[in-house]
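K.L.:
There are 2 protein chains.
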Amino acid sequence: MRVVEKIAEIKSIVRSQKRTEKTIGFVPTMGYLHEGHMSLVETSLRHNDYTIMSIFVNPTQFGPNEDFERYPRDLDGDLKKAELAGVDIVFIPTKEEIYPKGYKTYVNVEGITNLLCGKSRPDHFRGVTTIVNKLFNIVEPDKAYFGQKDAQQVAVIRKMTSDLNLNVEIVTCPTIREDDGLAMSSRNAYLSEKDRLSATILSKSLFEAKELINKGERNREKIIDFIIQRINTEKDAIIDYVDAVDGDSLEQIDFLKGNVLLALAVKFGQTRLIDNMIIACE
Amino acid sequence: MRVVEKIAEIKSIVRSQKRTEKTIGFVPTMGYLHEGHMSLVETSLRHNDYTIMSIFVNPTQFGPNEDFERYPRDLDGDLKKAELAGVDIVFIPTKEEIYPKGYKTYVNVEGITNLLCGKSRPDHFRGVTTIVNKLFNIVEPDKAYFGQKDAQQVAVIRKMTSDLNLNVEIVTCPTIREDDGLAMSSRNAYLSEKDRLSATILSKSLFEAKELINKGERNREKIIDFIIQRINTEKDAIIDYVDAVDGDSLEQIDFLKGNVLLALAVKFGQTRLIDNMIIACE
């Protein structure tokens, strides 16, 4: 496995791979790798001749009062996991390599970035689309892999990719969960033992809501209220949002129909967790 | 020469050219081709195995009260000129092909888009960088050719290309002028016979200012005032701006040093013309 820090170096590797017509799979991450990330890697290895992972805690997707500084980092551990999994290249640029002095260009998807997580994280998705666009230009992947856990992120990246005519296929992989249902996330490391237990209410409430929908409930308000009430049984849970939107466009819906995305964000102390579920409603 | 309307078709042609390791030169235009455009084509033909031109009057770079509807168009004439010159492919997408229903993604360079032309055309450069980014993703050129006449446009596109790590080399070609000095522009077609004569004051004032600088003048205000006074000798000329900025960064300068860009925009009736000159000052 090669570990590369410089854009020029990875571009030259990519170009020589392309010349041999090898397909490139790409897994962009912020590191502190868990089984969710590794499932993206496994899928990329199956699909492609060559798999590149990036590890970069991207400052432009954090708000001024968010957790950029304390975001968990473990580069040595990450590199061991990547090597063991069979990643070909890990790209670990510095902040200065990605955003040199005088950096000024941003890619923004309008509309669907203002709802759900975008409401409380106003510039978050602009940071995500900018870094992903840059990484796509650097790595020139045939396919790129993202986790369904960040449902809105995937929708925004798909929209950018299609709107800007990028030559990358976006592949969404299922959310990987702990045995008790909690969606895997690097931010779970922040949770106290007590909050870690309480946090299982997020996936529980979504699975229970799914059961209600499968039994025939189609009233959007009722489903949202049900989830809110279930979460509020944990007194330390502070709800940021609970919503049900169209699973493809993320547009508001009046009642549940087609692919519905149930999505939520909840804070336990300083730790903001998200989870979601896509449910096919006839 | 092939004329292509669909993105999918041009992408498939580009991919098969790339497989044979041919280099691709790209000349994006809004059509109504003049010798300025054709000089870009000639340079691309010399540099590359394969030359693609696009003709697309891009709606997102026109303001609500600007000349999108009446912008001059002559597709038949343009195709004849392109074929005669030796262009391999002309890409002529529809508005709907480039901006399908629900289009939402924009590329924006901050800072240098707010000065010079950006002051009176607030979303202009956002439209330019968005369409050029899209066309680069569609055509995947090795080199792309732009005229020095649109000096700020070139600086903004260079900045986007470098910031977003695009795999394209931007080549700037000299401004082509009419015999009396007027910079060639599709918008010159708007001018009345009288305004066409008055408009020569633009290049005259720039050439005279260059002479003053070459004789030793380094006072920015004096040079700007000189140009303004010269332009005002034509009573139908309405100055939008006259400025002197750093030729590379477009940053404000206190006195003339290094590569200096003298740039101006002037209206004759409804017709807004621009011109500029880069002058090396020791």
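If you read the protein sequences in the order shown, they are chains A and B. Count the first sequence with our numbering and you get residues 2 to 283, in order. Count the second sequence with our numbering and you get residues 2 to 283, in order. We put the beta carbon where it would ideally sit given N, CA and C, even for glycine.
If distances are taken between C-alpha atoms only, which option among S40/B, V155/B and T106/B comes closest to A86/B?
P.N.:
By one-based count along the second sequence, residue 86/B stands at place 85. Of the listed residues, the one whose Cα sits closest to A86/B is S40/B.
K.L.:
Helix, strand or coil, according to DSSP, for Q154/A in the structure here?
P.N.:
On the first sequence, residue 154/A is found 153 positions in, with the first residue counted as 1. Note: Q154/A maps to helix in three-state DSSP.
K.L.:
Counting only beta-carbon atoms, is T106/A nearer than 7 Å to chain C?
P.N.:
In the displayed structure, chain C is absent; the protein chains listed are A and B.
K.L.:
My output table needs one value for I275/A: the three-state DSSP class, helix, strand or coil.
P.N.:
Here residue 275/A refers to the residue found at position 274 when the first sequence is read from its first residue. Of the three classes helix, strand and coil, the one that applies to I275/A here is strand, per DSSP.
K.L.:
Contact criterion: CB-CB distance below 7 Å. Does F140/A meet it with respect to chain B?
P.N.:
What you label residue 140/A is simply residue 139 of the first sequence in a count that begins at 1. Residue 140/A is actually Val in this sequence, not Phe. Chain B contact via Cβ: absent.
K.L.:
Between which two residues does the alpha helix (DSSP H) harbouring M39/A extend?
P.N.:
Within the first sequence, residue 39/A is the residue found at index 38, counting from 1. Note, M39/A: alpha helix (DSSP H), E36 to H48.
K.L.:
Select from the region 42-64 of chain A all residues with a C-beta closer than 7 Å to any C-beta belonging to chain B, and list them in chain order.
P.N.:
Within the region 42-64 of chain A, no residue has a Cβ that lies closer than 7 Å to any Cβ of chain B.
K.L.:
Give the DSSP bridge partners of T173/A, in chain order.
P.N.:
Locating residue 173/A in the first sequence gives position 172, counting from the first residue. DSSP lists F147/A as partners of T173/A.
K.L.:
For I280/B, collect the residues of the same chain with a Cβ closer than 7 Å to its Cβ; drop the 5 residues on either side in sequence, then sort them by chain order.
P.N.:
Here the question's residue 280/B lines up with position 279 in the second sequence. Once the five neighbours on either side are set aside, the close Cβ partners of I280/B are K211, I214, V261 and L263.
K.L.:
Taking G295/B as the query, report the chain A residues whose CB atoms sit under 7 Å from its CB, ordered along the chain.
P.N.:
Chain B is shown only over 2 to 283; residue 295/B falls outside these bounds and no answer can be derived.
K.L.:
Taking the C-alpha atoms as reference points, what is the distance between Q153/A and S163/B?
P.N.:
Locating residue 153/A in the first sequence gives position 152, counting from the first residue. Locating residue 163/B in the second sequence gives position 162, counting from the first residue. Looking at the two C-alpha atoms, the distance is approximately 28 Å.
K.L.:
For N109/A, which beta-bridge partners are listed by DSSP?
P.N.:
Translated into the one-based positions of the first sequence, residue 109/A becomes position 108. In DSSP, N109/A forms a bridge with Y107/B.
K.L.:
Mind checking which residues open and close the beta strand (DSSP E) that includes D284/A?
P.N.:
What is shown of chain A runs 2 to 283, which leaves residue 284/A out entirely.
K.L.:
Are Y51/A and D89/A close, meaning C-beta to C-beta below 7 Å?
P.N.:
By one-based count along the first sequence, residue 51/A stands at place 50. By one-based count along the first sequence, residue 89/A stands at place 88. Yes, the Cβ-Cβ distance between Y51/A and D89/A is below 7 Å.
K.L.:
Is the beta carbon of L108/B sitting closer than 7 Å to the one on N134/B?
P.N.:
Locating residue 108/B in the second sequence gives position 107, counting from the first residue. Locating residue 134/B in the second sequence gives position 133, counting from the first residue. Here residue 108/B turns out to be Val, not Leu, going by the sequence shown. Yes.
K.L.:
Between R219/A, K223/A and A266/A, which lies nearest to G259/A when the distance is taken from Cα to Cα?
P.N.:
As a first step, residue 259/A must be located in the first sequence, where it is residue number 258. Selected option, being the one with the closest Cα: R219/A.
K.L.:
From R16/A to G248/B, what does the alpha carbon distance come to, in whole angstroms?
P.N.:
Walking along the first sequence from the start, residue 16/A turns up at place 15. Walking along the second sequence from the start, residue 248/B turns up at place 247. Between R16/A and G248/B, the C-alpha separation is close to 33 Å.
K.L.:
Per DSSP, what kind of secondary structure is V5/A in: helix, strand or coil?
P.N.:
Numbered from its first residue, the first sequence carries residue 5/A at position 4. Here V5/A sits in strand by DSSP.
K.L.:
Out of curiosity, what's the CA-to-CA distance linking P94/A and E22/A?
P.N.:
Position 93 of the first sequence holds residue 94/A. Position 21 of the first sequence holds residue 22/A. Whole-angstrom Cα-Cα distance: 26 Å.
K.L.:
Mind checking who K120/A pairs with in its DSSP beta bridge?
P.N.:
Numbered from its first residue, the first sequence carries residue 120/A at position 119. The partner list for K120/A (beta bridge, DSSP) is empty, contrary to what the question assumes.
K.L.:
In terms of residue numbering, what span does the alpha helix (DSSP H) encompassing A83/A cover?
P.N.:
Walking along the first sequence from the start, residue 83/A turns up at place 82. Here the alpha helix (DSSP H) through A83/A covers L76 to A86.
K.L.:
Going along the chain, which residues of its own chain have a beta-carbon closer than 7 Å to the beta-carbon of C118/A, five neighbours each way excluded?
P.N.:
Working through the first sequence from its first residue, we reach residue 118/A at position 117. Only H125, Q153, A266 and I275 meet the Cβ criterion.
K.L.:
Whose CA, out of R122/A, D77/A and C282/A, lies closest to the CA of D241/A?
P.N.:
Locating residue 241/A in the first sequence gives position 240, counting from the first residue. Nearest option by C-alpha distance: R122/A.
K.L.:
Check for me: the beta strand (DSSP E) holding G259/B runs from which residue to which?
P.N.:
The sequence position of residue 259/B within the second sequence is 258, counting from 1. It spans G259 to F269 - the beta strand (DSSP E) in which G259/B sits, taken as one unbroken run.
K.L.:
Answer yes or no: does any C-beta atom of chain B fall closer than 7 Å to that of N166/A?
P.N.:
Within the first sequence, numbered from 1, the residue matching residue 166/A stands at position 165. So, interface residue.
K.L.:
Can you confirm whether K144/B, when its beta carbon is compared against all beta carbons of chain A, has any partner nearer than 7 Å?
P.N.:
In the second sequence, counting from the first residue as 1, residue 144/B sits at position 143. Chain A, which has no Cβ nearer than 7 Å to the Cβ of K144/B, makes this no.
K.L.:
Rounded to the nearest angstrom, how far is the Cβ of I232/B from that of L203/B, given a contact under 8 Å?
P.N.:
Here residue 232/B refers to the residue found at position 231 when the second sequence is read from its first residue. Here residue 203/B refers to the residue found at position 202 when the second sequence is read from its first residue. Correct: roughly 7 Å between the Cβ atoms.
K.L.:
Quick one: Cα of A9/A to Cα of N66/A, how far?
P.N.:
By one-based count along the first sequence, residue 9/A stands at place 8. By one-based count along the first sequence, residue 66/A stands at place 65. So the two alpha carbons sit approximately 33 Å from each other.
K.L.:
Which residues of chain A have a Cβ atom closer than 7 Å to the Cβ of N134/B, listed in chain order?
P.N.:
Locating residue 134/B in the second sequence gives position 133, counting from the first residue. Chain A residues near N134/B: L165.
K.L.:
Under 8 Å by Cβ, that's how I've got A145/B and V172/B pegged, so tell me the actual separation to the nearest angstrom.
P.N.:
Taking the first residue of the second sequence as position 1, residue 145/B is located at position 144. Taking the first residue of the second sequence as position 1, residue 172/B is located at position 171. So it is a contact: roughly 7 Å between Cβ atoms.
K.L.:
If you count every other CB in all the chains shown that lies within 10 Å of the CB of P142/B, and 16 or more means buried, which is it?
P.N.:
Reading the second sequence from its first residue, position 141 is the one you call residue 142/B. By the neighbour-count rule (16 or more Cβ atoms within 10 Å), P142/B is buried.
K.L.:
Using a cut-off of 8 Å between C-beta atoms, extract the partners of K160/A located in chain B.
P.N.:
For the purposes of this step, residue 160/A is taken as the residue at position 159 of the first sequence. Going along chain B in sequence order, the residues near K160/A (Cβ under 8 Å) are K105 and T106.
K.L.:
If contact means a Cβ-Cβ distance below 7 Å, which residues of the region 207-235 of chain A contact chain B?
P.N.:
Here the close residues number zero.
K.L.:
Between N109/B and chain A, is the shortest Cβ-Cβ distance under 7 Å, so that the two count as touching?
P.N.:
Position 108 of the second sequence holds residue 109/B. Yes, N109/B lies at the interface with chain A (some Cβ there is under 7 Å from its Cβ).
K.L.:
Find the residues of chain B that neighbour I8/A, judging by a C-beta separation of less than 8 Å, and give them in chain order.
P.N.:
On the first sequence, residue 8/A is found 7 positions in, with the first residue counted as 1. Here the neighbours are N166.
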